[in-house]
Structures are given as structure tokens and as C-alpha cells.
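Here's the structure we're looking at; comments come further down.
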Amino acid sequence: MLNKKSHMRSSELRTMALRQKHQIDKQQQLLAAREQRLRFLKTQEANETAVTAEGERLRRLRERVEAQESKLRRLRALRGQVDLQKTYNVSLVPQQVITTARCTITFATRCSPEKTS
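In C-alpha cells form, the structure reads like this:
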């Protein structure tokens with residue numbers, strides 16, 4: 061009878077050991093799945109961080125381009141004003157020369173000693 065009792069106990073122990081082994085295997089599989097999920101989430105987070113950083117870099121570049129375009133528009137406007145002023149000055153120079161020449165001629169004829177005597 062003692063032998064039968066110990067045999068039952070050993071079969072119970074084997075069953076218990078087998079059940080525990082299955083539980084351990086299942087837990088290892090769950091742990092492996094969780095580790096894989098964690099790696100995936102970390103990779104996804106790194107990708108999102110990279111995308112966010114790239115977006116921020118592009119935003120700063122756009123701002124810089126807009127600032128440069130604004131400066132370029134102002135420079136072109138100033139250049140247009142300078143060109144307009146040059147054109148205006150060029151058109152005034154011949155009139156001033158003619159006017160100055162007329163005054164000189166007129167002044168010379170009026171003030172010349174030959175004519176006054």
C-alpha cells in the first residue's frame with residue numbers, strides 16, 4: 061500500500077511539474093511577445109521623434125527662406141527707387157546744362173564790355 065501511495069504521489073508530482081512547465085512556457089511566450097511589442101513601440105517612437113525633428117527643421121528652413129525673400133523684395137524695391145532716381149537725374153542734367161548754357165550766353169552778351177559801350 062505504501063508503494064501505491066508513493067506511486068500516486070510521483071504521478072501527481074509529474075502532472076504538477078508538467079503543468080508548471082506549460083505555465084512557464086506560456087509565460088516565456090508572453091514575455092517574448094511583450095518584449096517584441098516594446099521593441100516595436102520604441103522603434104515607432106524613435107521614428108516619430110525623427111519625423112518631428114525633421115518637421116521642425118523644415119519649419120525653421122521655411123521661416124529662413126521667407127525672411128530672405130522678404131529682404132530680397134525690399135532690396136529690389138530699393139534698387140527700383142535708385143534706378144528711378146538715376147533716370148530722373150539723367151533727365152535733369154541736360155536741362156540744367158542747357159539752362160546753364162543759356163544763362164552763360166545771355167549773361168556774356170549782356171555783360172560783355174563790347175556791347176555795353
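Residue numbers (our numbering): 61 to 177. Glycine is no exception: its CB is placed at the ideal position from the N, C-alpha and C atoms. Owing to the predicted nature of the structure, the values given are computational and were not obtained by experimental measurement.
Spatial distance of residue i from residue j (CA atoms)
{"i": "Ala110", "j": "Ala92", "result": "27 angstroms"}
{"i": "Gln128", "j": "Arg134", "result": "10 angstroms"}
{"i": "Leu144", "j": "Leu132", "result": "18 angstroms"}
{"i": "Thr147", "j": "Glu116", "result": "46 angstroms"}
{"i": "Asn187", "j": "Arg122", "result": "Any answer about residue 187 is impossible in this case: the structure gives the chain only from 61 up to 177."}
Residue i beta carbon near the ligand SAH (any heavy atom closer than 6 angstroms)
{"i": "Ala113", "result": "Looking at this structure, you won't find the ligand SAH or any other ligand, since it has none at all."}
Let me know the alpha helix (DSSP H) ranges lying completely inside the stretch 109-138, each 4 residues or longer, listed in chain order. Secondary structure in the stretch 109-138: no alpha helix (DSSP H) run of 4 residues or longer lies completely within the stretch.
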